[in-house]
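**Q** Before we start, here is the structure in question, set down as structure tokens.
Protein chains in written order, with UniProt numbering: chain A, 1 to 249; chain S, 1 to 249.
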């Protein structure tokens with residue numbers, strides 16, 4: 001059973017202020033916890049159900065400290081409606097300094113507010129082998145439990161940086177090609193873009209801010225064939241990145 | 001103000017059984033209600049806030065019966081956390097019989113359970129001009145409020161049919177090419193598929209059922225370049241459909 005103090009601590013980590021204060025975050029569900037255990041993150045707590053323990057005895061036997069609890073304890077402490085697997089508290093890690101090389105392809109996000117969208121974009125980045133995601137400071141927080149769970153484990157591989165996006169882009173606009181997704185850009189299907197440079201996606205409702213758009217070299221649109229006015233930003237990211245990656249060497 | 005009886009009625013429509021009994025469903029938020037008003041759906045109720053009325057006076061003046069209410073009334077009756085716009089109750093409509101022509105491109109969904117995924121897929125279909133989506137009977141319900149809201153208005157254009165998917169596919173396997181998304185299929189980037197036939201996407205966790213896969217002519221995989229094990233099913237739909245549509249005439 002989880003003590004009241006531990007439940008209170010875990011619950012506090014749903015709030016960014018307390019996550020930053022404790023430099024810790026929560027990981028829930030079988031897939032995400034398994035990825036966490038196989039990554040370099042340091043654990044503060046690991047709670048598993050009997051079912052999860054039986055299925056992953058060998059892995060958990062590799063020196064992890066864990067406590068067996070009931071599903072109802074995991075649900076009480078966490079954010080999932082059901083969780084018959086595991087919940088961990090991990091320490092945030094220090095990112096290496098952000099550096100781009102000439103052959104890098106990075107995703108930049110301007111004011112992506114929805115945690116599910118951010119998490120899904122991180123998962124897409126990981127699928128396509130893009131390990132640097134640069135966020136404006138107003139984006140959803142990487143360590144938000146909903147972001148972590150939507151990444152389906154990709155949070156262990158993709159590095160997400162928060163910074164002053166217009167200023168950072170301005171420093172890179174000469175050396176790197178900067179693409180921006182927009183409804184009035186060049187037709188993606190008529191381009192053969194190489195996966196190099198920086199691809200900027202903008203806010204769910206408003207798109208890319210003018211001060212960010214000012215740093216973009218080429219606007220791209222996904223050609224529309226029907227009646228929808230727009231696509232979800234994670235959907236758009238996936239389509240554009242896939243079009244770039246089909247030209248990867 | 002909304003009467004208790006009306007709130008109770010609207011709330012009952014969150015449940016499929018009552019939606020079917022009353023042949024009615026709920027539409028929430030500015031974008032979705034605006035699309036509804038410009039579609040052929042028959043309205044049972046239309047509640048708008050003062051703000052929405054002021055912004056759309058001309059449209060609402062075209063003979064709609066509506067009632068002005070407060071945001072808190074819309075939130076109380078509906079499923080949104082905030083809604084300073086509108087909420088409507090519309091009557092379900094009869095679909096025309098499902099018929100494919102040789103040049104049609106349709107999406108078939110096998111056991112897509114998550115309403116957000118189904119709604120997002122409908123929005124993607126609408127973007128690419130695909131107006132027939134065929135669902136196995138175990139898919140999320142089209143009229144679920146979360147499906148409706150995730151389509152961002154595309155529910156007014158895309159026709160979604162529910163049927164016995166393996167049996168239906170079996171009837172079409174000779175005349176139409178049937179593609180299926182899978183992690184072990186042919187590399188999508190090495191194909192130049194024309195947007196004709198039927199594209200099948202499977203359950204979020206388990207993929208396409210064997211009895212459905214048995215009707216598929218060609219399995220397709222989205223090439224992976226990184227560490228993620230899979231993509232969200234709506235993301236995968238978008239990427240595959242985009243690859244087909246780049247070869248549209």
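Heads up, the beta-carbon is just placed ideally off N, CA and C, and yes, glycines get one too.
Would you say residue 256 of chain S faces chain A, with C-beta separation under 8 Å as the test?
**A** This structure gives no information on residue 256 of chain S, because the portion of chain S shown stretches from 1 to 249.
**Q** Could you list which residues in chain A have their beta carbon closer than 8 Å to that of residue 191 of chain S, in chain order?
**A** What residue 191 of chain S touches in chain A: nothing, since even the nearest Cβ is about 11 Å away.
**Q** Look at the Cβ atom of residue 120 of chain S, then the Cβ atom of residue 235 of chain A, and state whether they are nearer than 8 Å.
**A** yes
**Q** Residues of chain A with CB under 7 Å from residue 234 of chain S, in chain order?
**A** 235
**Q** Report the residue from S/24, S/50 and S/51 whose alpha carbon sits nearest the alpha carbon of residue 42 of chain S.
**A** S/24
**Q** With distances taken between CB atoms, is the gap from residue 228 of chain A to residue 152 of chain S smaller than 8 Å?
**A** yes
**Q** Would you list, in chain order, the members of the region 131-154 of chain S that have their beta-carbon closer than 9 Å to a beta-carbon of chain A?
**A** Listed by position along the chain: 131, 150, 151, 152, 153 and 154.
**Q** Less than 8 Å between the beta carbons of residue 91 of chain A and residue 21 of chain A, yes or no?
**A** no
**Q** Report the rounded CA-to-CA distance for residue 57 of chain A versus residue 220 of chain S, giving the unit in angstroms.
**A** Taking the straight line joining both Cα atoms gives about 35 Å.
**Q** Identify, in the order they occur along the chain, each residue of the same chain with its Cβ nearer than 8 Å to the Cβ of residue 163 of chain A, setting aside the five sequence neighbours on each side.
**A** 98, 134, 135, 136 and 137
**Q** Please report the distance separating the alpha-carbon of residue 73 of chain A from that of residue 241 of chain S.
**A** 42 Å
**Q** The beta strand (DSSP E) that contains residue 218 of chain A, what's its start and end?
**A** 218-221
**Q** Given this structure, state the Cα-to-Cα distance separating residue 176 of chain S from residue 209 of chain S, to the nearest angstrom.
**A** About 19 Å.
**Q** Could you give the first and the last residue of the continuous alpha helix (DSSP H) run that contains residue 73 of chain S?
**A** 71-77
**Q** Whose CA, out of S/111, S/87, S/146 and S/173, lies closest to the CA of residue 102 of chain S?
**A** When each option's Cα is compared against that of residue 102 of chain S, the closest is S/173.
**Q** Tell me which residues of the region 207-231 of chain A have at least one Cβ-Cβ distance to chain S shorter than 8 Å, keeping chain order.
**A** 222, 223, 224, 225, 226, 227, 228, 229, 230 and 231
**Q** Can you list, in chain order, the stretches of the alpha helix (DSSP H) that have 4 or more residues and sit fully within the region 4-68 of chain A?
**A** 4-12, 16-22, 30-37, 50-55 and 57-60
**Q** Please name the residue in S/3, S/126, S/83 and S/158 whose C-alpha comes closest to that of residue 225 of chain A.
**A** S/126
**Q** Report the rounded CA-to-CA distance for residue 170 of chain A versus residue 215 of chain A, giving the unit in angstroms.
**A** 6 Å
**Q** Going by the beta-carbon positions, is the gap between residue 47 of chain S and residue 27 of chain S smaller than 8 Å?
**A** No. Outside cutoff.
**Q** To which residues of the same chain is residue 31 of chain A closer than 6 Å at the C-beta, ignoring the five residues directly before and after it?
**A** So the list reads 152 and 153, once near-sequence residues are dropped.
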